[in-house]
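Heads up: the structure comes next, in structure tokens.
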Amino acid sequence: DFDFPFNQLQGSLPSDLGFTLPNLEGLNLAGNQFTGPIPVSISNASNLRELMIGKNGFSGKVPSLENLHKLQRVIISQNHLGNYGEKDNLEFVNSLVNASRLELLQISDNNFGGMLPEAVGNFSTRLGILSVAENQLFGNIPSGLRNLVNLELLDLSGNQFTSRIPGSIGDLQKLQMLGLNGNKFLGEIPSSIGNLTLLMTLNFAENMLEGSIPSSLGKCQNLIVLDLYNNNLSGTIPSEVIGLSSLSIYLDLSQNQL
-2 DFDFPFNQLQ GSLPSDLGFT LPNLEGLNLA GNQFTGPIPV SISNASNLRE LMIGKNGFSG
58 KVPSLENLHK LQRVIISQNH LGNYGEKDNL EFVNSLVNAS RLELLQISDN NFGGMLPEAV
118 GNFSTRLGIL SVAENQLFGN IPSGLRNLVN LELLDLSGNQ FTSRIPGSIG DLQKLQMLGL
178 NGNKFLGEIP SSIGNLTLLM TLNFAENMLE GSIPSSLGKC QNLIVLDLYN NNLSGTIPSE
238 VIGLSSLSIY LDLSQNQL
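Position 145 of the sequence shown, counting from 1, maps to 142 under the working numbering, and the rest follow consecutively.
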């Protein structure tokens, strides 16, 4: 493994990194000051299980990761990767369908634009954490997302998604944290949200959601944070929701028409 997190390392990675270290299993350079691109040659390190390069200054297009079949954990968040204006800056997401053991993908806090590829629905069902927060993604939630039945954390916050929240979100019954805040989601909160009985944090703040709060939310008996701030929700607050004894940390329903 190549393991140097949270030092003061800087400069760029050598372009031939994947050729000089073809047997690399782990690359952890998180929390340094690296700049420049992720080397295209990384795809030659076919034994790579962990790519942890978050919190640096990496920029440019993320290369294809299609040969990295053994990848389990990918954290490239908090960099300057991608380019809002380029259509293909999320192509690497398609290449991750080959990673049959993928458990964690964090690409948050970058410059990724465009639509989240439908290929997300073909990711490994082992995936437990998916965060694409704080980018410039727009359009719909990919319909295949419902296939990721072991997701425990889904964070799409701080983007420009404009679709309705699909009823199929209720298929993700292992979810503990669901963050859709800071987008432009429309329509009603689906009643299937009540199927997410393990949910601890639900944040739909700062969207354009309307209609009433579904009473089925009262079935989420582990909910400790509920944030629906600044939407267009109306009607009465269901007694089932008010009666949630678990709601001990944070409840914000303000800036609605309740």
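Beta carbons are placed, not taken as given, at the ideal position from N, Cα and C, and that holds for glycine.
| Item | Value |
| --- | --- |
| What does DSSP give as the partner residue(s) for Q75 in the beta ladder? | DSSP output for Q75 lists no bridge partner at all. |
| Looking only at its chain, what residues have a beta carbon closer than 8 angstroms to the beta carbon of S121, apart from the 5 residues adjacent to it on each side? | A96, S97, R98, L99 and E100 |
| Looking at the strands, I want to know which residues DSSP matches up with R70. | E47 and L101 |
| Between E207, G111, L183 and T17, which has its C-alpha nearest F37's C-alpha? | What sits at residue 37 in the sequence shown is Val, not Phe. Among E207, G111, L183 and T17, the Cα nearest to that of V37 belongs to T17. |
| What distance in whole Å lies between the Cβ atoms of L195 and N228, which are believed to be in contact at a cut-off of 8 angstroms? | Contact doesn't hold; Cβ gap of about 24 angstroms is too wide. |
| Considering only C-alpha positions, which residue in the set N119, L10, F(-1) and S242 is nearest to L24? | F(-1) |
| Specify the secondary structure class of T122 as computed by DSSP and reduced to three states. | coil |
| Kindly indicate which three-state DSSP category G28 falls into: helix, strand or coil? | coil |
| Please state whether the Cβ-Cβ distance between S74 and N107 is less than 8 angstroms. | yes |
| Pull the bridge partners of V117 from the DSSP assignment, please. | DSSP, once it has assigned bridges, lists no residue as partnering V117. |
| Here's the rule: buried if 16 or more other CB atoms are within 10 angstroms of the residue's CB, otherwise exposed. What is S105? | buried |
| Restricting to Cα atoms, I'd like to know which of L65, Q133, L250 and L248 is closest to Q157. | Q133 |
| My assumption, with CB atoms under 8 angstroms, is that V59 sits in contact with F89. Please give the rounded CB distance. | 4 angstroms |
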